[in-house]
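Data block below; observations after.
In this note's numbering, the protein residues as written are 5 to 182.
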């Protein structure tokens with residue numbers, strides 16, 4: 005074997021050992037000083053969703069409507085071999101909208117739910133102290149907190165867990181004001 009071949013073989017062995025050893029080490033500490041929020045647009049309104057509460061963000065392709073489905077349920081999409089019910093988030097939040105949703109955030113565990121949104125505007129990192137519960141009654145259902153920002157109005161934070169639970173339990177009553 006040539007010198008170059010020996011060097012390559014030795015380097016591959018080192019990489020293999022390092023890779024195998026990485027599984028025996030404790031997981032790296034997660035920096036808990038920051039929370040990552042996705043900024044979404046729903047019916048022309050900016051809001052945020054904790055990234056850790058989502059299992060995906062997808063361009064909304066063909067939605068198959070279901071005959072006789074309740075208002076706010078847009079239909080079903082096929083996603084990686086599974087059918088996912090897609091709900092109009094603007095409708096669930098009581099926001100009047102003529103905007104056609106182009107994106108879907110995927111929520112929930114084993115029973116996934118898609119929430120149709122108008123747009124994805126980016127992400128932001130905030131400290132837990134920046135997320136404040138709304139004083140008194142929430143201005144919209146499922147918007148129970150806000151992110152304080154310097155020199156800008158606060159952004160609402162969607163309570164994904166409550167919304168998904170209500171949708172799966174069938175209790176998310178239509179909140180539309182259209």
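No residue lacks a Cβ here, since even glycine has one placed at the ideal position from N, Cα and C.
query: Spatially closest choice to residue 202 from 108, 84 and 130, by CA coordinates; result: Limits of the chain in this structure are 5 at one end and 182 at the other, which puts residue 202 out of reach.
query: One or two residues paired with residue 39 in a DSSP bridge; result: 130
query: From 166, 125 and 116, residue whose alpha carbon lies closest to that of residue 106; result: 125
query: Burial state of residue 86, where buried means 16 or more other Cβ atoms lie within 10 Å; result: exposed
query: Cβ shell of residue 40 (< 7 Å), same chain only, five flanking positions each side left out; result: 55, 127 and 129
query: Continuous beta strand (DSSP E) assignments of at least 3 residues falling wholly in the region 48-96; result: 49-54, 58-63, 77-83 and 86-92
query: Spatial distance of residue 163 from residue 149 (CA atoms); result: 8 Å
query: Presumed contact (8 Å Cβ cut-off) between residue 101 and residue 47, rounded CB distance; result: 3 Å
query: Of the listed residues 60, 151, 171 and 154, nearest to residue 97 (C-alpha basis); result: 171
query: Where residue 101 sits in the DSSP three-state scheme; result: coil
query: Alpha carbon of residue 182 to alpha carbon of residue 99, nearest angstrom; result: Because residue 182 carries a pLDDT of 43, less than 50, the predicted location of this residue cannot be relied on, and the following value inherits that uncertainty. One C-alpha to the other measures close to 8 Å.
query: Length of the line joining the Cα atoms of residue 64 and residue 120; result: 7 Å
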